[in-house]
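This report refers to the structure that appears directly beneath it.
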Amino acid sequence: GGIITQTPKFLIGQEGQKLTLKCQQNFNHDTMYWYRQDSGKGLRLIYYSITENDLQKGDLSEGYDASREKKSSFSLTVTSAQKNEMAVFLCASSWGNNYAEQFFGPGTRLTVL
Amino acid sequence: GDSVTQTEGQVALSEEDFLTIHCNYSASGYPALFWYVQYPGEGPQFLFRASRDKEKGSSRGFEATYDKGTTSFHLRKASVQESDSAVYYCALALGTNAYKVIFGKGTHLHVLP
Numbered sequence: 001g002g003i004i005t006q007t008p009k010f011l012i013g014q015e016g017q018k019l020t021l022k023c024q025q026n027f028n029h030d031t032m033y034w035y036r037q038d039s040g041k042g043l044r045l046i047y048y049s050i051t052e053n054d055l056q057k058g059d060l061s062e063g064y065d066a067s068r069e070k071k072s073s074f075s076l077t078v079t080s081a082q083k084n085e086m087a088v089f090l091c092a093s094s095w096g097n098n099y100a101e102q103f104f105g106p107g108t109r110l111t112v113l
Numbered sequence: 114g115d116s117v118t119q120t121e122g123q124v125a126l127s128e129e130d131f132l133t134i135h136c137n138y139s140a141s142g143y144p145a146l147f148w149y150v151q152y153p154g155e156g157p158q159f160l161f162r163a164s165r166d167k168e169k170g171s172s173r174g175f176e177a178t179y180d181k182g183t184t185s186f187h188l189r190k191a192s193v194q195e196s197d198s199a200v201y202y203c204a205l206a207l208g209t210n211a212y213k214v215i216f217g218k219g220t221h222l223h224v225l226p
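Have a look at this one:
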C-alpha cells in the first residue's frame with residue numbers, strides 16, 4: 001500500500017501572506033489533485049496535474065498557484081491569504097483518469113488571521 | 114452544467130436503522146458515479162463506483178444502484194452502526210474531461226448508540 005502525506009497539518013497565516021502547502025505520495029501515481037473543502041460546500045477542485053511538470057486549472061484556481069516538479073510531490077501556494085479564510089485543503093492522487101479511485105491525504109487546515 | 118445534488122445535509126439515526134442517503138446528478142454525458150466516505154480527521158476514502166445503468170456498487174455493507182432513468186445513485190445500508198458516523202460524498206466523473214471529478218456537498222451521518 002501507499003500513503004499521501006500533507007504538510008503542515010495546521011497552517012496559520014496573516015492576511016496578504018503567501019503560504020505554501022505540500023503533498024507527497026508514494027503510490028507512484030501519475031495524477032495528483034488539490035481540493036478545497038469548506039463546511040457545507042463539499043470538495044472543489046483547485047488544480048490537478050497528470051504528470052510531472054504538468055498543471056491544469058480547476059474551478060477554483062484564482063488566488064492559487066501550483067507546482068509539480070517531481071512525480072511524487074505536488075505543492076499548492078496561496079498567493080495572498082484572505083482574512084477570515086478557513087478551509088481544509090486536501091491532496092489526492094490516482095493511477096490515471098477520473099474513472100480511477102482517488103486516494104486522499106489527511107488535509108491541511110488553513111486559518112488566516 | 115454538470116452537478117451532483119445530495120439533498121440531506123445531515124442524517125441522524127439509531128444503531129440498526131436502515132440508511133438512505135439521496136444522490137441525484139445532472140450530466141451532459143454518461144458519467145461514472147462514486148461514493149466516498151470521510152471519517153473525522155481523515156481524508157475521504159473511496160467506497161465504490163458504478164459506470165453503467167443498473168450497475169450496483171457495494172462495499173462494507175453499503176450499496177447503490179446506478180439509475181439513468183431517475184439520474185440517481187442513492188446510498189443504502191440495511192443496519193447502521195455507530196462506527197458508520199462520517200460524511201458521505203457522492204461524485205461523478207465525465208469522459209468529456211478525463212481528469213475532473215465533481216463532488217456533492219456531502220451528507221453528515223450521525224449514528225446514535
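Listed in order, the protein sequences are those of chains P and S. By our numbering, the letter at position 66 of the first sequence is numbered 66, and the numbering carries on one by one without gaps. For any residue, its number in our numbering is found by taking its place in the second sequence, counting from 1, and adding 113. Positions of the beta carbon are idealized from the N, C-alpha and C atoms, including for glycine.
Which residues in the same chain have their Cβ closer than 7 Å to the Cβ of residue i, if we skip the five residues on either side of it in sequence?
| i | result |
| --- | --- |
| V117(S) | C136, Y138, C203, A204, L205, I215, F216, G217 |
| D38(P) | A87 |
| K57(P) | Y47 |
| K181(S) | D166 |
| L60(P) | R36, R44, L45, I46 |
| S198(S) | L222, H223, V224 |
| Y239(S) | One cannot answer for residue 239(S) here, as it falls past the ends of chain S, which runs 114 to 226. |
| E195(S) | E128, V224, P226 |
| D130(S) | V193 |
May I ask you to report which of helix, strand or coil DSSP gives residue i?
| i | result |
| --- | --- |
| E128(S) | coil |
| D65(P) | strand |
| E195(S) | helix |
| G42(P) | strand |
| A100(P) | coil |
| N137(S) | strand |
| Q56(P) | strand |
| I4(P) | strand |
| T51(P) | coil |
| G182(S) | coil |
| T20(P) | strand |
| H29(P) | coil |
| G208(S) | coil |
| E176(S) | strand |
Does the distance from the C-beta atom of residue i to that of residue j stay below 8 Å?
| i | j | result |
| --- | --- | --- |
| R189(S) | T133(S) | yes |
| D115(S) | A140(S) | yes |
| A81(P) | L21(P) | no |
| S73(P) | Q6(P) | no |
| G107(P) | G219(S) | no |
| Y35(P) | L113(P) | no |
| F225(S) | Y201(S) | The question names Phe, yet the displayed sequence has Leu at residue 225(S). No; because the gap between Cβ atoms is not below 8 Å, this pair is not in contact. |
| E69(P) | N53(P) | yes |
| H29(P) | S75(P) | no |
| G40(P) | G122(S) | yes |
| T79(P) | I50(P) | no |
Can you give me the Cβ contacts of residue i inside the same chain, cut-off strictly under 6 Å, excluding the 5 residues immediately before and after it?
| i | result |
| --- | --- |
| T77(P) | T20, D65 |
| G170(S) | F161, R162, A163, A177 |
For residue i, which residues from the same chain have a beta carbon less than 8 Å from its beta carbon, with the 5 sequence-adjacent residues on both sides left out?
| i | result |
| --- | --- |
| Y212(S) | none |
| S185(S) | H135, C136, N137, Y138 |
| T120(S) | H135, N137 |
Please decide whether residue i counts as near chain A, where near means a Cβ-Cβ distance under 8 Å.
| i | result |
| --- | --- |
| Y202(S) | Among the protein chains in the structure shown, which are P and S, there is no chain A. |
For the stretch 157-172 of chain S, which residues have a CB atom closer than 8 Å to at least one CB atom of chain P, in sequence order? P157, Q158, F159, R162, S164
If the cut-off is 9 Å on Cβ atoms, which residues from the stretch 208-225 of chain S count as contacting chain P, listed in chain order? G208, N210, A211, Y212, K213, V214, I215, F216, G217, K218, G219
For the structure I just gave you, are there three or more beta carbon pairs, one from the stretch 156-163 of chain S and one from the stretch 119-134 of chain S, closer than 8 Å? no
Residues in the stretch 100-112 of chain P having any Cβ partner in chain S nearer than 7 Å: E101, Q102, F104, G105, P106, G107
Check whether the stretch 91-109 of chain P and the stretch 7-14 of chain P are in contact - that is, three or more C-beta pairs closer than 8 Å. yes
Cβ-based contacts, 7 Å cut-off: residues of the stretch 134-148 of chain S near chain P: If the cut-off is 7 Å between Cβ atoms, the stretch 134-148 of chain S has A145 near chain P.
For the stretch 176-193 of chain S, enumerate the residues whose C-beta is nearer than 8 Å to any C-beta of chain P, in chain order. none
Using a Cβ cut-off of 9 Å, which residues of the stretch 13-33 of chain P contact any Cβ in chain S, in chain order? From the stretch 13-33 of chain P, only T31, Y33 have a Cβ closer than 9 Å to chain S.
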